[in-house]
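Start counting the sequence shown at 1; every next residue gets the next number (the numbering used here). We put the beta carbon where it would ideally sit given N, CA and C, even for glycine.
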Amino acid sequence: MRTYHDIRLADHTITTRELHGEDIVKAGRFLIARTLLDLGAATVDPLSPSNPLIFSAGPFAGTSFSNANRTSVGCKSPLTGGVKEANGGGSFGYALGQLKIAGFTLHGASPDWVVIHFKKDGTVDFDEATPYLGKGNFEAHDLLLKRYGKKVAIGLCGPVGEYQGLIAGIAFSDKDGRPARLAARGGVGAVMGSKKVKAVVVDLDKIPPFSEPKKVNAAIKDYSKLLLADGVVKNFYQPLGTMGMADVQNQMGGLPVRNFSAGRLADVAAGETFKLGGSYIAPLNNSRG
1 MRTYHDIRLA DHTITTRELH GEDIVKAGRF LIARTLLDLG AATVDPLSPS NPLIFSAGPF
61 AGTSFSNANR TSVGCKSPLT GGVKEANGGG SFGYALGQLK IAGFTLHGAS PDWVVIHFKK
121 DGTVDFDEAT PYLGKGNFEA HDLLLKRYGK KVAIGLCGPV GEYQGLIAGI AFSDKDGRPA
181 RLAARGGVGA VMGSKKVKAV VVDLDKIPPF SEPKKVNAAI KDYSKLLLAD GVVKNFYQPL
241 GTMGMADVQN QMGGLPVRNF SAGRLADVAA GETFKLGGSY IAPLNNSRG
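1. For the alpha helix (DSSP H) containing residue 225, name the first residue and the last one.
2. With DSSP run on the structure shown, which of helix, strand or coil describes residue 106?
3. What residue from 176, 184 and 89 has the CA that sits closest to residue 157's CA?
4. Helix, strand or coil, according to DSSP, for residue 146 in the structure here?
5. Can you give the Cα-Cα distance for residue 19 and residue 107, rounded to whole angstroms?
6. How big is the Cα-Cα spacing for residue 39 and residue 23?
7. Check whether the Cβ atoms of residue 2 and residue 116 lie closer than 8 Å to each other.
8. Return the CA-CA distance between residue 68 and residue 45, expressed in angstroms with no decimal places.
9. Have a look at 15, 59 and 16 and flag the residue whose alpha-carbon is nearest the alpha-carbon of residue 321.
10. If you reduce the DSSP assignment to three classes, tell me which class residue 162 lands in.
11. Using a Cβ-Cβ cutoff of less than 6 Å, which residues in the same chain neighbour residue 16 once the five nearest sequence positions on both sides are dropped?
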């Protein structure tokens, strides 16, 4: 069993329903598209209170199952006008799963900026967000950790989202306690800002119960063995992570270089070196102030 929360921001009230069986599995893109269709979001202004903002976690969230703890965020996109699902890693989906939460939808808009806090005792608080407004993601995240403790995961609306900048994403805590994982497509951070939700804080707890835990644990172990035995995972993704695909996309001409006017950052075939890492871009960023 998992729970799903419909949060009405205008009056800070919540309706909670239980999900069972197939309803728990139908998460992510399916849930987002279905919810937007059912709520008639096609005709609403994406930055109006009528645009729902949906957070969804998968059926194995809260466990050590590889790739099972990503978070889907969806709404009508202020960039495209269509259905948008933005996907982020980190510990936010993991925390939702540990509290047996399948997801939640933010309806309407809050009259004042708030932090929504899902607590492990099952209650939800709406807290004052003023101390975190206008702060950069890392500063705001650190302040939230001081307020709520380190055993939490955070979904954060940054300063660009606060003023409804259309490129804004939603930052999630990573395993090291940094807001370094983003659901960044479609302007979902702008929609979060339009609702005056500065952050969603979720307590970490423990692995949720399953009806057949032995089968679940066996599947987790088997899948982990398959990943570790895969040469691409071991020699490519483990040492380089997602950034490893940057080199591949560079060679394919698929990078959004120079405002999408070019597809390659470096012409490797002509002898140019494609370099990864913040140390290579830092001098340019510093020169720009």
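With the structure as the only source:
1. Counting from 1 along the sequence shown, the entry for residue 225 is found at position 225. Where residue 225 is concerned, the enclosing alpha helix (DSSP H) stretches over 213-229.
2. For this step, residue 106 is matched to residue 106 along the sequence shown. Looking at residue 106 - three-state DSSP - the assignment turns out to be strand.
3. One-based indexing of the sequence shown puts residue 157 at position 157. The residue with the shortest Cα to Cα distance from residue 157 is 184.
4. Counting from one through the sequence shown, the residue named residue 146 turns up at place 146. Of the three classes helix, strand and coil, the one that applies to residue 146 here is helix, per DSSP.
5. Along the sequence shown, one-based indexing puts residue 19 at 19. Along the sequence shown, one-based indexing puts residue 107 at 107. Roughly 19 Å between the two C-alpha positions.
6. The sequence position of residue 39 within the sequence shown is 39, counting from 1. The sequence position of residue 23 within the sequence shown is 23, counting from 1. Distance between residue 39 and residue 23, taken at the CA atoms: about 18 Å.
7. Within the sequence shown, residue 2 is the residue found at index 2, counting from 1. Within the sequence shown, residue 116 is the residue found at index 116, counting from 1. Against a cut-off of 8 Å, the Cβ pair of residue 116 and residue 2 comes out as no contact.
8. One-based indexing of the sequence shown puts residue 68 at position 68. One-based indexing of the sequence shown puts residue 45 at position 45. The straight-line gap from Cα to Cα measures roughly 32 Å.
9. Any question about residue 321 goes unanswered here, given that the chain covers just 1 to 289.
10. Taking the first residue of the sequence shown as 1, we reach residue 162 at position 162. Residue state for residue 162 is assigned as helix, using DSSP reduced to three classes.
11. The residue given as residue 16 occupies position 16 in the sequence shown. Beyond the five residues adjoining it in sequence on each side, residue 16 comes within less than 6 Å, by CB distance, of 3 and 5 in the same chain, given in chain order.
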